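Engineer: Have a look at this one.
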Amino acid sequence: MKQYDVVIIGAGPAGLAAAVSAFDAGIRSILILERDREAGGILNQCIHNGFGLHTFKEELTGPEYADRFVKQVEERGIECRLNTMVMDIGVECGAEAESVDAKHGVDAMEKPSCRSLKYVTAMSRTDGMYQVAARTVILAMGCRERPRGALNIPGYRPAGIYSAGTAQRLVNMEGYLPGKKVVILGSGDIGLIMARRMTLEGAKVQVVAELMPYSGGLKRNIVQCLDDYGIPLKLSHTVVDIQGKERVEGVTLAQVDEKRRPIAGTEETYECDTLLLSVGLLPENELSAGLGVELSPVTSGPIVNESLETNIEGVFACGNVLHVHDLVDFVSEEAGLAGKNAAAYITRMGKEEAAGQVQIEISPQSGVRYTVPSHIRLSQMQDTQTIRFRVGDVYKNCFIRAYLNDKQIISKKRPVMAPGEMEQLVLKKEQLLTFVEPEEKSHCLVIRVEEK
Amino acid sequence: MYDVVIIGAGVSGSAVARELSRYKGRFCVLEKEEDVCCGTSKANSGIVHAGYDARPGSLMAKLNVEGNRRMEALSKELDFPFRRTGSFVVCTDEGSRQKLQELLERGQKNGVEDLQILSREEALFLEKNLADEVVAVLYAPTAGIVCPFGLTIALAENACENGVEFQFDTEVSAIKKQGEGYVIETSRGVFKTRYVVNAAGVYADIFHNMVSADKLHITPRKGEYFLLDKGAGGHVSHTIFALPGKYGKGILVTPTTHGNLLVGPTATDILEREGTNTTADGLAAIREKAGLSVKDLPLGKVITSFAGLRAHEDGHEFIIGEAADAPGFIDCAGIESPGLTSAPAIGAMVAGILKEKLNLSDNASFVAERKGILNPAKLSAEERNRLIEDNPAYGNIICRCEMISEGEIIDAVKRPLGAKSLDGVKRRTRAGMGRCQSGFCSPRTMEILHRELGIPMEELTKSGGDSRMITGGRKEAAQ
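Spelled out as structure tokens, the structure:
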């Protein structure tokens, strides 16, 4: 069995950036496994521009952005196996794997959690099903779209109901138009982008309905994809019926009350042949769950520490598999950190510091739904630590405040915050140290939205 | 001139066809949809009932128990998923215990074996997530679960391989007595036959009434369901029925043969025979009632909801046999629950009638065994690698949720009565049936159907008819 220092699952923006950064931190034994026929992940179907403003200080299309990272991976000679589906990641292994362990002097009894290898089972047309051993694994599988079924929308189940991303793939990569008269449910970014894309392809996008009283997408996408094309956005509306037994023939929308229940008498039926859904993205963590990675019920992504390491030592997560991002630039940045930390883990292996390190638990409260990371080991913290999170509602002229052991350490005024836009705070290690008693091992950092 | 024309390629029609193919003759199945298993047979609970529900002495009771007994051997012979998991009928109030006893006695009269009443404690030992209100249960170890698509498709494929003809997209519009036989007018021409088997599900009364003065009446009774993610599949390990009580007929909770959890059905009589739409009220009713017998149901893990129609005959009895005033017209009507369970027995019964009437002789080349689509996940790593070496398509995963390879999809398309649509592929392989509900694999499956069958992309359908997946090419692609 081949063994690698770092095995990365997924060659999307997260996996590619993680690979580059692990390489630049001195690791040479890196393998990327990608199920698609080319690297770049979902960016390959995002042919609109707006990518890379933070990373490259210019506006790129999705494929262009991906290409920058693909080139960096190629320049470094990092091994990337395409058309390869990862079937399983485990800490258990067969007899062959155990002998590899022995060869590398790994004593599983001594310190199983940090020393043991991970075993990645993959499959492809050319190589069949095989395992590789990994000293570290970086989870970069991205996310998937929430399907119609998960929403319990009543009605028939005809052809013509697509998630926005599937429609995007059909149009941009396969060259097909999924429909001509379209209703879109959900104002997630892909839905908004597809409203424009379908319009440009000659389809009539009649309306975008959003269950919540605010959009789930970026403001700029509402302006550039709906307003510019005169497509109405109906907030606090949902689909209450789908007509058509074979192909979609119509969709009925209704207004919803504050508890998101449809209000009788507000129904409005749109004749259409297509319903696109942009109703949320779910981190794709089946492999993580199989490995025993602890997942957050809020994000559906792994719970990670400051190094983006999961509860399984040596297993890191970044990008949309960790939590769904709005901007790929932040995915790249986060993945860079994961790659660097995986490299540091390998360099550090066998030189573990004494137990009982100082740990800060981050507690998201009033209005803050979650944070990534969810805890910080002070000894492993860099000079600064970016904390990313989302809020649960729209807030205007509010403050994001952080309290360490009940003492306010950060207060940041925010004119507008919305669930559709990721927020961040940057912690300084220097500052944390002044508030942390070294004898006290466990601390609590509260992050909350406050009106005054 | 056919010897027998069977109307309907659901589980009953397919079972009849398969049992009939044991004999020599010209047999044909007419189906209005593009595939087998498109009506009642595709949207039901997938339960193999033990047989304590039906009235003792009824045909329903007899065929239920017999179908249950035949199912296991049949599942091995025809290679479809079946598991004898056992079922519970739960009683949630002390006052209703007597009803459990009545069910037990009825079951015993029907010939159901091993029925027993368990105390709450005994039941919890077998099923930890029973609702706190459960006081006792009727345990039926002979009950089981079956894949309804798997069963129906297996029967039809085997019938086809043994010489039965299948005509799809063929909707019957009229049936007329002519001489010794019948003339059947359809959307795709006229079929002449000596005998007709009416296995038309919710349409069976219409066809019966075309030839008989003794009118039948069938009501489409809608049942709505939630299908939950495999992550919830272990929530119960038996089929859990509620005792019919003050809330009416309850909602069942069951594992499926593929490891999902199924919750439903509702029961609403409707007029529309194609009314397979789910409704806000129906879905709300499932949510409300589901928790009565099983606690902590993870309804957040619903991956899809669907509705099926039961062919409810006014007398709530299977109508099987020659219509009294229409010689040569064999009804197989009113096949509602436990119709799926009974199918193997129904097939044998109807084929028996026809053998006698037509004086059929044995089909010497009849092959009873059928191999299902190879499931590589059941192979050892070594076997699987050999398979991929021989046919690399088995190394290419198309459906990530169910981990279905291209090899399996090609098999589904190429075999007898192969899949022609996305739903056809889904019912045969499960590609698209997982938690992402085909978001990932549908463009890839379309590509395979296009390539293997030579169907233009624009003509590819979800489920035949006008259910086209795309409306054309992109502007620049068209130029």
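Chains as they are written, first to last, in the numbering used here: chain A, 1482 to 1933; chain B, 26 to 504. Where is the CB? At the ideal position from N, CA and C, for every residue including glycine. As the structure is a computational prediction, the values presented were derived from the model and not from experiment.
#1: Just checking: is the beta-carbon of residue 1658 of chain A within a distance shorter than 7 Å of some beta-carbon in chain B?
#2: Strictly below 9 Å CB to CB, what residues from chain B border residue 1898 of chain A?
#3: Short check: CB of residue 247 of chain B to CB of residue 334 of chain B, under 7 Å?
#4: Counting only the same chain and skipping the five closest in sequence on each side, list residues whose C-beta sits under 6 Å from that of residue 351 of chain B.
#5: Distance cutoff 7 Å, beta carbons only. Does residue 1640 of chain A sit that close to anything in chain B?
#6: Under the three-state reduction of DSSP, which class applies to residue 41 of chain B: helix, strand or coil?
#7: According to DSSP, is residue 233 of chain B part of a helix, a strand, or is it coil?
#8: What are the start and end residues of the alpha helix (DSSP H) that includes residue 367 of chain B?
#9: Counting only beta-carbon separations shorter than 7 Å, does residue 458 of chain B have a partner in chain A?
#10: Whether or not the segment 322-334 of chain B and the segment 1905-1923 of chain A are in contact is what I'm after, with contact meaning three or more pairs of Cβ atoms, one per stretch, closer than 8 Å; do they touch?
#11: In chain order, what residues of the same chain lie with their CB nearer than 6 Å to the CB of residue 1805 of chain A, ignoring the 5 residues before and after it?
#12: Taking DSSP as the reference, what is the three-state secondary structure of residue 1586 of chain A?
#13: So that I know if they touch, is there some Cβ in chain A lying closer than 7 Å to that of residue 305 of chain B?
#14: Check for me: the beta strand (DSSP E) holding residue 356 of chain B runs from which residue to which?
#15: Please confirm whether residue 126 of chain B has its beta-carbon closer than 7 Å to some beta-carbon of chain A.
#16: Assuming residue 1875 of chain A contacts residue 1695 of chain A (C-beta within less than 8 Å), just tell me the rounded distance between them.
#17: Would you mind telling me which residues of chain A sit closer than 9 Å to residue 462 of chain B, beta carbon to beta carbon, in chain order?
#18: From the DSSP output, in three-state form, read off residue 1795 of chain A for me.
#19: Measure from the alpha carbon of residue 431 of chain B to the alpha carbon of each residue in A:1604, A:1534, A:1509, then state which is nearest.
#20: Pick out whichever of B:307, B:219, B:133, B:372 has its Cα sitting closest to the Cα of residue 384 of chain B.
#21: In this structure, how does DSSP classify residue 1838 of chain A when only helix, strand and coil are distinguished?
#22: Determine the direct distance from the alpha carbon of residue 1666 of chain A to that of residue 1525 of chain A, and round the result to whole angstroms.
#23: Which chain A residues sit within Cβ distance under 7 Å of residue 410 of chain B?
#24: State the Cα-Cα distance for the pair residue 321 of chain B and residue 264 of chain B, rounded to the nearest angstrom.
#25: Would the beta-carbon of residue 49 of chain B fall within 7 Å of that of residue 386 of chain B?
#26: May I ask you to list, following chain order, the residues of the segment 298-325 of chain B that have a beta carbon less than 8 Å from some beta carbon of chain A?
#27: Measure the C-alpha to C-alpha separation of residue 498 of chain B and residue 1827 of chain A and round it to an integer number of angstroms.
#28: Using the C-alpha atoms, what's the distance from residue 1814 of chain A back to residue 1940 of chain A?
#29: Within the same chain, show all residues whose beta-carbon is closer than 7 Å to that of residue 179 of chain B, passing over the 5 residues directly before and after it, in chain order.
#30: Throw me the rounded Cβ distance for the residue 222 of chain B and residue 38 of chain B pair, which I believe falls under 8 Å.
#31: Just to confirm the assignment, what range does the alpha helix (DSSP H) spanning residue 100 of chain B have?
#32: Grab me the residues of residue 1662 of chain A's own chain with a C-beta within less than 6 Å of its C-beta, minus the 5 sequence neighbours each way, in chain order.
#33: Under 9 Å between beta-carbons, which chain A residues line up against residue 467 of chain B? List them in chain order, please.
#34: Under the DSSP definition of a beta bridge, which residues are partnered with residue 1601 of chain A?
#35: Where residue 1718 of chain A and residue 1741 of chain A are concerned, what is the direct C-alpha to C-alpha distance, given to the nearest angstrom?
#36: Could you round the C-beta distance between residue 210 of chain B and residue 224 of chain B to whole angstroms and report it? I think they count as a contact, below 8 Å.
Structural biologist: This is what the structure gives:
#1: Chain B, which has a Cβ nearer than 7 Å to the Cβ of residue 1658 of chain A, makes this yes.
#2: Within chain B, no residue has its CB atom less than 9 Å from the CB of residue 1898 of chain A, the nearest being about 26 Å off.
#3: Yes, they are a contact pair.
#4: Correct list, in chain order: 236, 237.
#5: By this cut-off, residue 1640 of chain A is an interface position.
#6: Correct three-state label for residue 41 of chain B: helix.
#7: If DSSP states are grouped into helix, strand and coil, residue 233 of chain B belongs with the helices.
#8: Where residue 367 of chain B is concerned, the enclosing alpha helix (DSSP H) stretches over 364-383.
#9: It does not: the Cβ of residue 458 of chain B has no partner Cβ on chain A nearer than 7 Å.
#10: These segments do not touch.
#11: Excluding residues within five positions, the ones whose Cβ falls inside 6 Å are 1624, 1762.
#12: Caution applies to residue 1586 of chain A, whose pLDDT of 44 falls short of 50 and renders its modelled position unreliable; the value that the coordinates give is listed next. In the structure shown, residue 1586 of chain A sits in coil (DSSP, three-state: anything other than H, G, I, E or B).
#13: Nearest CB-CB separation between residue 305 of chain B and chain A: below the 7 Å threshold.
#14: In this chain, the beta strand (DSSP E) harbouring residue 356 of chain B covers 354-358.
#15: Chain A, which has no Cβ nearer than 7 Å to the Cβ of residue 126 of chain B, makes this no.
#16: Their Cβ separation, rounded to whole angstroms, is 5 Å, which keeps residue 1875 of chain A and residue 1695 of chain A in contact under 8 Å.
#17: Result: 1628, 1629, 1630, 1631, 1644.
#18: DSSP places residue 1795 of chain A in coil when its eight states are reduced to three.
#19: Nearest C-alpha to residue 431 of chain B: A:1604.
#20: Closest option to residue 384 of chain B, Cα to Cα, is B:219.
#21: Looking at residue 1838 of chain A - three-state DSSP - the assignment turns out to be coil, as it is neither helix nor strand.
#22: Taking the straight line joining both Cα atoms gives about 24 Å.
#23: The answer, in chain order, is 1609, 1610.
#24: Distance between the alpha carbons of residue 321 of chain B and residue 264 of chain B: 16 Å.
#25: If you check the CB distance, residue 49 of chain B and residue 386 of chain B come in under 7 Å.
#26: Taking 8 Å as the Cβ-Cβ cut-off against chain A, the residues of the segment 298-325 of chain B that qualify are 299, 301, 302, 303, 304, 305, 307, 308.
#27: As the crow flies, the alpha-carbon of residue 498 of chain B is around 50 Å from that of residue 1827 of chain A.
#28: Chain A is shown from 1482 up to 1933; residue 1940 of chain A falls before or after that span and cannot be answered.
#29: These residues qualify, in order along the chain: 103, 104, 105, 395, 397.
#30: Under the criterion of beta carbons closer than 8 Å, residue 222 of chain B and residue 38 of chain B qualify as touching, at roughly 7 Å.
#31: Residue 100 of chain B -> alpha helix (DSSP H) spans 84-103.
#32: If we look at residue 1662 of chain A and ignore the five residues flanking it on each side, its Cβ neighbours are 1685, 1753, 1754.
#33: Under the 9 Å cutoff, chain A gives 1643, 1647, 1651.
#34: As a beta-bridge residue in DSSP terms, residue 1601 of chain A pairs with A:1570, A:1613.
#35: Our two residues, residue 1718 of chain A and residue 1741 of chain A, have alpha carbons roughly 8 Å apart in a direct line.
#36: Between residue 210 of chain B and residue 224 of chain B a beta carbon distance of about 18 Å is seen, past the 8 Å cut, so the two are scored as non-contacting.
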